[in-house]
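This report refers to the structure that appears directly beneath it.
Number of protein chains: 2
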Amino acid sequence: MRFSRIIIVSLLWVAISSVSIADFQPFQPLPAHPPIPSDNLMSPMKTELGKQLFFDARLSKNKTMNCNSCHNVMAGGSVPQAKPTGAGGQLAQRNAPTLWNVGFTTIYFLDGRATSLEAAIKEHLLADGAMAMANEEQVVDSIKQVPGYVEQFVALYGDENPVSYDNLSKSLAAYLRSLVTNDSAFDQYLRGKKDAISDAAKEGMNQFIEIGCASCHFWVNMAGPIPGLAFQMGEGFYELFPNHLGSEYDARYHLTDDTGRIKVTGDESDRYMWRVASLRNVALTAPYFHNGAVKTLEEAVKVMAMAQYKKRLPKATVEEITAFLHTLTGQFSVQTMPRLPAAGLDKQ
Amino acid sequence: MRFSRIIIVSLLWVAISSVSIADFQPFQPLPAHPPIPSDNLMSPMKTELGKQLFFDARLSKNKTMNCNSCHNVMAGGSVPQAKPTGAGGQLAQRNAPTLWNVGFTTIYFLDGRATSLEAAIKEHLLADGAMAMANEEQVVDSIKQVPGYVEQFVALYGDENPVSYDNLSKSLAAYLRSLVTNDSAFDQYLRGKKDAISDAAKEGMNQFIEIGCASCHFWVNMAGPIPGLAFQMGEGFYELFPNHLGSEYDARYHLTDDTGRIKVTGDESDRYMWRVASLRNVALTAPYFHNGAVKTLEEAVKVMAMAQYKKRLPKATVEEITAFLHTLTGQFSVQTMPRLPAAGLDKQ
Numbered sequence: 063m064r065f066s067r068i069i070i071v072s073l074l075w076v077a078i079s080s081v082s083i084a085d086f087q088p089f090q091p092l093p094a095h096p097p098i099p100s101d102n103l104m105s106p107m108k109t110e111l112g113k114q115l116f117f118d119a120r121l122s123k124n125k126t127m128n129c130n131s132c133h134n135v136m137a138g139g140s141v142p143q144a145k146p147t148g149a150g151g152q153l154a155q156r157n158a159p160t161l162w163n164v165g166f167t168t169i170y171f172l173d174g175r176a177t178s179l180e181a182a183i184k185e186h187l188l189a190d191g192a193m194a195m196a197n198e199e200q201v202v203d204s205i206k207q208v209p210g211y212v213e214q215f216v217a218l219y220g221d222e223n224p225v226s227y228d229n230l231s232k233s234l235a236a237y238l239r240s241l242v243t244n245d246s247a248f249d250q251y252l253r254g255k256k257d258a259i260s261d262a263a264k265e266g267m268n269q270f271i272e273i274g275c276a277s278c279h280f281w282v283n284m285a286g287p288i289p290g291l292a293f294q295m296g297e298g299f300y301e302l303f304p305n306h307l308g309s310e311y312d313a314r315y316h317l318t319d320d321t322g323r324i325k326v327t328g329d330e331s332d333r334y335m336w337r338v339a340s341l342r343n344v345a346l347t348a349p350y351f352h353n354g355a356v357k358t359l360e361e362a363v364k365v366m367a368m369a370q371y372k373k374r375l376p377k378a379t380v381e382e383i384t385a386f387l388h389t390l391t392g393q394f395s396v397q398t399m400p401r402l403p404a405a406g407l408d409k410q
Numbered sequence: 063m064r065f066s067r068i069i070i071v072s073l074l075w076v077a078i079s080s081v082s083i084a085d086f087q088p089f090q091p092l093p094a095h096p097p098i099p100s101d102n103l104m105s106p107m108k109t110e111l112g113k114q115l116f117f118d119a120r121l122s123k124n125k126t127m128n129c130n131s132c133h134n135v136m137a138g139g140s141v142p143q144a145k146p147t148g149a150g151g152q153l154a155q156r157n158a159p160t161l162w163n164v165g166f167t168t169i170y171f172l173d174g175r176a177t178s179l180e181a182a183i184k185e186h187l188l189a190d191g192a193m194a195m196a197n198e199e200q201v202v203d204s205i206k207q208v209p210g211y212v213e214q215f216v217a218l219y220g221d222e223n224p225v226s227y228d229n230l231s232k233s234l235a236a237y238l239r240s241l242v243t244n245d246s247a248f249d250q251y252l253r254g255k256k257d258a259i260s261d262a263a264k265e266g267m268n269q270f271i272e273i274g275c276a277s278c279h280f281w282v283n284m285a286g287p288i289p290g291l292a293f294q295m296g297e298g299f300y301e302l303f304p305n306h307l308g309s310e311y312d313a314r315y316h317l318t319d320d321t322g323r324i325k326v327t328g329d330e331s332d333r334y335m336w337r338v339a340s341l342r343n344v345a346l347t348a349p350y351f352h353n354g355a356v357k358t359l360e361e362a363v364k365v366m367a368m369a370q371y372k373k374r375l376p377k378a379t380v381e382e383i384t385a386f387l388h389t390l391t392g393q394f395s396v397q398t399m400p401r402l403p404a405a406g407l408d409k410q
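Protein chains in written order, with our numbering: chain P, 63 to 410; chain H, 63 to 410.
As structure tokens, then:
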């Protein structure tokens, strides 16, 4: 696995710069916007519609939950539950990741089973551990009962079958791609403001690289390649977790109960393979890991060093790396609350 | 009961105008702001803190619901459920009323058992059918675990016991008093723009007065006196519902299963007495009545005419009154989403 990391880093270097390898920087500031797929261009109207849908409980089985119930964009983009409860009363399969900066991801779900954000949204609406709607038709029907939605779909997608499951997922995806946290202290540092992060955080960054964390958690999203650069949408950047099996953490945090991507592919080489998670805003997204078993960032750092590199970190190093990770908390753009269209409210 | 209505209307007339009785107008435009109690003055910082608390699921037993879960301010201020389910899994006792324009009310809960908005909030946080927290201490502790909240409480309420149950309810109340929907079509009409409402709506208004609806649903909030004018905070404006017992609607919609204010006072004269509900934005707050049993506004109009005045309205009259009620939908001010302070997230 380490070898593939090196190839990717080299490819990136070739792709983006003509500087010498000595100047290679594993980290770059987050761009203002993620790559936008050509079949789902952004527009303010589409983003606004997606925001309404994101907050609309009419899209859930119990008519009580909305997307924000498990991915709270007013906070870090996730929720403090290890595994949130879906609108069907069933626990989600895994911890809910943040949706801030989600547009910088090439694959979706922690096991990478969706190859686009739009596909992931479609699955969420029907999953028991999420919105738990019965089927696509039920979702589309619930939108069709709201004239204020139908109007917007027509304006965006034309007269021919505008209210479709496809267009619904496109609208939601457009909103999610607007969720970008720019200008973290670390971004400022990367842009040249050397005092934007503390000396402890700088030492943490150096340790982060030296230990090997940056061999997966690199580049603009601290999660490897982003769409359109070395990797294309749908290509996954995975890593073994735990890489080192048998530490005390496996049992303490049930790290191997969930076998990861093998559940999708059936391929033995995918056992315990997981999508590399972005570390942006990681200080705001406790609890940690696919099962949400680890409650604090300090403990997550210790677990990672052991599970991936069989290293037991000194307390000071854990604190420095944690200080570094705190500098990855970005600025959350001010969002207006959507106004949810009326009617249909009394028909459901 | 009719007699008391007349006295109140007369008092209002004496209180506010020197025009002749012939000029008396039962309706007035909604003021830009509700009366603000002297012991809980508004400030932008307080309103902002209240908004954060309103959207924070850490204040609920299941850490999943927030105030907005049952009082959706992104919509009409309520939810489409007849009785929403609280954070303890228990159904709310009654339908959730809208919180838009809630500051214009003199008593709280449909049976008037709280005499201030602050008191109503305190009860909601602990009620099984609402936020279902164990006790006041647990609520206060959950705030104290979030440094970003503690900072704001100190800035607003000083160093001496700033994070208190009192101050929490004051902050939330300040936010709620900011929720005002001005400039409905009817307000524009009242201000002199005679074509702001349709002829059907005008005829509906006349019918509304003639039938007797306006003897309770009058004045700025279409719900009788507001605080500081004829009535003071804590004084309730109640009416019998059903006033005429025995119509087919009693059984069809279970109108008498809940005996109303008598449950609070034990006084037989309070059987089936209810706080007069505001009709502002009523087109957005289906389903209707204390038990949410009636799904459409048209049906609610029919039920009211029969239950209060033993009148069976012609279809055309129902449609006209409904058209009038639709003109009471106001403008919803654009609100920014709060940013919920981090930390404490991994400790609960």
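Glycine residues also receive a C-beta, built at the ideal position from the N, C-alpha and C atoms.
A quick note: this is a predicted structure, and the numbers were derived from the prediction, not measured.
Residue range of the beta strand (DSSP E) that includes residue 104 of chain H: Sequence index remark: in the second sequence, residue 104 of chain H carries index 42 (1-based). From DSSP, residue 104 of chain H is part of no beta strand (DSSP E); its letter is neither H nor E.
Listed by chain order, chain P residues near residue 149 of chain H by CB distance under 9 Å: By one-based count along the second sequence, residue 149 of chain H stands at place 87. Correct list: empty, because the minimum Cβ distance to chain P is about 11 Å.
Backbone secondary structure at residue 222 of chain H - three-state DSSP: As a first step, residue 222 of chain H must be located in the second sequence, where it is residue number 160. It is coil, neither helix nor strand.
Cβ-based neighbour list, residue 130 of chain H, same chain, cut-off 7 Å, excluding 5 preceding and 5 following: Taking the second sequence and counting its residues from 1, the one referred to as residue 130 of chain H is at position 68. Excluding positions up to five away in sequence, the list reads 116 and 117.
Exposure of residue 110 of chain H, with buried meaning 16 or more beta-carbon neighbours within 10 Å: The residue you call residue 110 of chain H lines up with position 48 of the second sequence. Answer is buried; the Cβ neighbour count reaches 16.
Interface flag, residue 407 of chain H vs chain P, CB-CB below 8 Å: Translated into positions along the second sequence, residue 407 of chain H becomes position 345. Model confidence at residue 407 of chain H stands at a pLDDT of 43, short of 50, so the residue's coordinates are unreliable; what they give is reported in the following sentence. By this cut-off, residue 407 of chain H is an interface position.
Complete beta strand (DSSP E) runs within the region 299-375 of chain H (minimum length 3 residues, chain order): 300-302 and 335-337
Same chain only: Cβ atoms within 7 Å of residue 334 of chain P, ignoring 5 sequence neighbours per side: As a position in the first sequence, residue 334 of chain P is number 272, starting the count at 1. Excluding sequence neighbours, residue 334 of chain P sits near 302, 303, 304, 318, 321 and 322.
Contact the region 174-182 of chain H vs the region 385-402 of chain H: 3+ CB pairs below 8 Å: no
At least three beta-carbon pairs within less than 8 Å, the region 304-315 of chain H to the region 359-374 of chain H: yes
Cα-Cα separation between residue 355 of chain H and residue 404 of chain P, rounded to whole angstroms: Here residue 355 of chain H refers to the residue found at position 293 when the second sequence is read from its first residue. Here residue 404 of chain P refers to the residue found at position 342 when the first sequence is read from its first residue. Those two C-alpha atoms are separated by around 19 Å.
Nearest candidate by alpha-carbon position, reference residue 89 of chain H, set H:331, H:275 and H:400: The sequence position of residue 89 of chain H within the second sequence is 27, counting from 1. That would be H:275, whose Cα lies nearest to the Cα of residue 89 of chain H.
Closer than 8 Å to chain H by CB, residue 84 of chain P: Against the first sequence, residue 84 of chain P aligns to sequence position 22. Unreliable positioning characterises residue 84 of chain P in this predicted model, as indicated by a pLDDT of 44, which lies under 50. The coordinate reading is nonetheless provided below. Output row for residue 84 of chain P: interface = no.
Where the alpha helix (DSSP H) through residue 125 of chain P begins and ends: Here residue 125 of chain P refers to the residue found at position 63 of the first sequence. Counting along the chain, residue 125 of chain P falls outside any alpha helix (DSSP H), and DSSP gives it neither H nor E.
Residue 206 of chain H at chain P interface by Cβ criterion, 8 Å: As a working mapping, residue 206 of chain H is identified with position 144 in the second sequence. Not one chain P Cβ lies under 8 Å of residue 206 of chain H.
When H:248, H:127 and H:361 are compared against residue 146 of chain P, the one with the closest alpha-carbon: The residue given as residue 146 of chain P occupies position 84 in the first sequence. Checking every option, the nearest Cα to that of residue 146 of chain P belongs to H:127.
Three or more C-beta pairs below 8 Å linking the region 244-253 of chain P and the region 345-354 of chain P: no
When H:257, H:284 and H:179 are compared against residue 270 of chain H, the one with the closest alpha-carbon: As a working note, residue 270 of chain H is residue 208 in the second sequence. Per the Cα distances, H:284.
Within-8 Å CB hit, residue 396 of chain H to chain P: Here the question's residue 396 of chain H lines up with position 334 in the second sequence. Taking Cβ atoms only, chain P reaches closer than 8 Å to residue 396 of chain H, which makes this a yes.
For residue 207 of chain P and residue 195 of chain P, the rounded distance between their alpha carbons: In the first sequence, residue 195 of chain P corresponds to position 133, counting from 1. In the first sequence, residue 207 of chain P corresponds to position 145, counting from 1. Going from the Cα of residue 195 of chain P to the Cα of residue 207 of chain P covers about 15 Å.
Contact with chain H by residue 106 of chain P, beta-carbon distance below 8 Å: Taking the first sequence and counting its residues from 1, the one referred to as residue 106 of chain P is at position 44. No, its Cβ sits nowhere closer than 8 Å to a Cβ of chain H.
Interface positions of the region 112-129 of chain H facing chain P (Cβ-Cβ less than 9 Å), listed along the chain: 114, 117, 118, 119, 120, 124, 125, 126 and 127
Within 8 Å, strictly: CB atoms of residue 119 of chain P and residue 113 of chain P: Your numbering for residue 119 of chain P matches position 57 in the first sequence. Your numbering for residue 113 of chain P matches position 51 in the first sequence. Not a contact, by the Cβ cut-off of 8 Å.
Chain P contact residues for residue 345 of chain H, given Cβ-Cβ distances below 9 Å: For the purposes of this step, residue 345 of chain H is taken as the residue at position 283 of the second sequence. Per Cβ cutoff of 9 Å: 404 and 405.
Contacts around residue 296 of chain P, its chain only, beta-carbon distance under 7 Å, and the 5 residues preceding and following it disregarded: The count along the first sequence starts at 1 and reaches residue 296 of chain P at position 234. Only 168, 169, 177 and 178 meet the Cβ criterion.
For residue 383 of chain H, three-class secondary structure by DSSP: If you number the second sequence from 1, residue 383 of chain H lands on position 321. Residue 383 of chain H falls in the helix class under three-state DSSP.
Chain H contact residues for residue 136 of chain P, given Cβ-Cβ distances below 9 Å: Numbered from 1 along the first sequence, position 74 holds the residue referred to as residue 136 of chain P. Within 9 Å Cβ-Cβ: 114, 117, 118, 399, 400, 401 and 402.
Close beta carbons around residue 401 of chain P, own chain, < 6 Å, minus the five adjacent residues each side: Taking the first sequence and counting its residues from 1, one reaches residue 401 of chain P at position 339. Result list for residue 401 of chain P: empty, nothing under 6 Å.
Run of the alpha helix (DSSP H) containing residue 186 of chain P, from where it starts to where it stops: Here residue 186 of chain P corresponds to residue number 124 of the first sequence, with the count starting at 1. Per DSSP, residue 186 of chain P belongs to the alpha helix (DSSP H) from 179-188.
Check whether residue 390 of chain P and residue 280 of chain P have beta carbons under 8 Å apart: As a working note, residue 390 of chain P is residue 328 in the first sequence. As a working note, residue 280 of chain P is residue 218 in the first sequence. No, they are not a contact pair.
Where residue 250 of chain P falls: helix, strand or coil (DSSP): Locating residue 250 of chain P in the first sequence gives position 188, counting from the first residue. Helix.
Distance CB(residue 96 of chain H)-CB(residue 166 of chain H) smaller than 8 Å: Taking the first residue of the second sequence as 1, we reach residue 96 of chain H at position 34. Taking the first residue of the second sequence as 1, we reach residue 166 of chain H at position 104. Yes, the pair counts as a contact, with Cβ atoms nearer than the cut-off.
Helix, strand or coil at residue 289 of chain H according to DSSP, with G and I counted as helix: Within the second sequence, residue 289 of chain H is the residue found at index 227, counting from 1. Here residue 289 of chain H sits in strand by DSSP.
DSSP three-state assignment for residue 215 of chain P, whether helix, strand or coil: Counting from one through the first sequence, the residue named residue 215 of chain P turns up at place 153. Looking at residue 215 of chain P - three-state DSSP - the assignment turns out to be helix.
Those residues which DSSP pairs with residue 87 of chain H across a bridge: The residue labelled residue 87 of chain H in the question sits at position 25 within the second sequence. In DSSP, residue 87 of chain H forms no bridge with anything.
Nonlocal neighbours in the same chain, by C-beta distance under 6 Å from residue 266 of chain H, ignoring five residues either side: Here residue 266 of chain H is taken as the residue at index 204 of the second sequence, counted from 1. The answer, listed in chain order, is 382, 383, 385 and 386.
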